[in-house]
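Counting from 1 along the sequence shown, just add 8 to a position and that's the residue number in this note's numbering. See structure below.
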Amino acid sequence: MSKVLLASRNAGKLREFSALLPDIHFVLWPAEAPELPETGAFFLDNALQKAEGARTWWLEHGTEPVDGVLADDSGLCVDALWGGPGVLSARFAPDLVSYRDKNHRLLAMLPEGAARGARFVCVLAFAPMEGVAFTVSGAVEGSLAYDHRGERGFGYDPIFIPEGHDQTFGELPADTKHTLSHRARACAALRERLGVVRE
Ligand code: ITT
């Protein structure tokens, strides 16, 4: 089993990575570690920034050996909002605390009759402790619900209906989300890539 530092403070992501990559033992990003920079304009830039920033910090301060660092930059891209909130998904509506409120705010921003197409995108960056970092990505197409529906998952899950389903990710069981989500697809690509790297 490989040991990987997960450069994320998002509990929802951690839960999903544990389910999607059960063969990896994740070491958590410590509470005393710094906030990782994510100043890029693209998911890919931010994922690499986080993975490489975490690797540099761990090389100096890490408390146990790890094989590499995994970072995830992801978000919801809404057609009627010109792809927003996109890379700014975690920073959308900072005046609001709960995702129920943020989701209502986001839905209220859509003009009446607007197209409801949206997609979740996930870019994973993996930085081996020695060697060059690489990225993989995954996306899932879907549409926005008209209201916050369901309490499963996290973040924008209760307003996103994946293509081919009638329920939101907030209503669908986690096992279903894990067969088709942006993160599941990116994890499948990561597994394949790590398999190649190990050969
Ligand atoms: P880390 O950088 O510490 O990993 P973060 O929450 O800041 O955590 P991002 O910058 O990648 O991570 O922001 C992603 C946001 O997009 C996240 O906070 C959610 O609001 C949303 N998001 C991403 N994947 C999601 C998913 O599977 N379901 C619901 N919302 C998701």
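Glycine included, every Cβ here is placed at the ideal spot set by N, Cα and C.
Helix, strand or coil at residue i [DSSP, three-state]
{"i": "Phe51", "result": "helix"}
{"i": "Val86", "result": "strand"}
{"i": "Leu114", "result": "helix"}
{"i": "Asp80", "result": "strand"}
{"i": "Arg124", "result": "coil"}
{"i": "Glu207", "result": "Residue placement at Glu207 cannot be trusted, given a pLDDT of 37 that sits under 50; the coordinates are not used to answer."}
{"i": "Val95", "result": "helix"}
{"i": "Pro170", "result": "strand"}
{"i": "Ser10", "result": "strand"}
{"i": "Leu180", "result": "coil"}
{"i": "Phe34", "result": "strand"}
Short Cβ contact (7 Å threshold) for residue i with residue j
{"i": "Leu152", "j": "Ala126", "result": "yes"}
{"i": "Val144", "j": "Leu132", "result": "yes"}
{"i": "Gly146", "j": "Ala194", "result": "yes"}
{"i": "Leu13", "j": "Trp66", "result": "yes"}
{"i": "Leu29", "j": "Ala141", "result": "no"}
{"i": "Ala19", "j": "Val77", "result": "no"}
{"i": "Gly91", "j": "Gly83", "result": "no"}
{"i": "Asp87", "j": "Lys11", "result": "no"}
{"i": "Gly158", "j": "Glu179", "result": "yes"}
{"i": "Tyr107", "j": "Gly163", "result": "yes"}
Distance cut-off 6 Å: residue i Cβ against heavy atoms of the ligand ITT
{"i": "Asn18", "result": "yes"}
{"i": "Ser97", "result": "yes"}
{"i": "Asp81", "result": "yes"}
{"i": "Gly163", "result": "yes"}
Residue i CB to nearest heavy atom of the ligand ADP below 6 Å
{"i": "Gly48", "result": "Annotation note on the ligand ADP: not contained in the displayed structure, which lists the ligand ITT as its ligands."}
Min CB distance residue i to chain C below 7 Å
{"i": "Gly158", "result": "This model lacks chain C altogether, as it is built from one protein chain only."}
Unbroken stretches of the beta strand (DSSP E), 3 residues or longer, contained in the region 133 to 162: If you keep only unbroken beta strand (DSSP E) runs of at least 3 residues inside the region 133 to 162, you get 142 to 152.
Within 8 Å, do at least three Cβ pairs link the region 32 to 46 to the region 120 to 137? The region 120 to 137 makes no contact with the region 32 to 46: fewer than 3 CB pairs, one atom from each, lie closer than 8 Å.
Under 8 Å, with one C-beta from each stretch per pair, do the region 11 to 29 and the region 167 to 187 reach the 3-pair mark? With the cut-off at 8 Å, the region 11 to 29 and the region 167 to 187 touch.
Is the region 59 to 68 touching the region 133 to 141, taking contact as three or more C-beta pairs under 8 Å? Judged by pairs of C-beta atoms under 8 Å, the region 59 to 68 touches the region 133 to 141, as three or more such pairs exist.
Three or more C-beta pairs under 8 Å: does that hold for the region 32 to 39 against the region 94 to 102? Contact check between the region 32 to 39 and the region 94 to 102: fewer than three CB pairs, one atom from each, fall below 8 Å, which does not count as touching.
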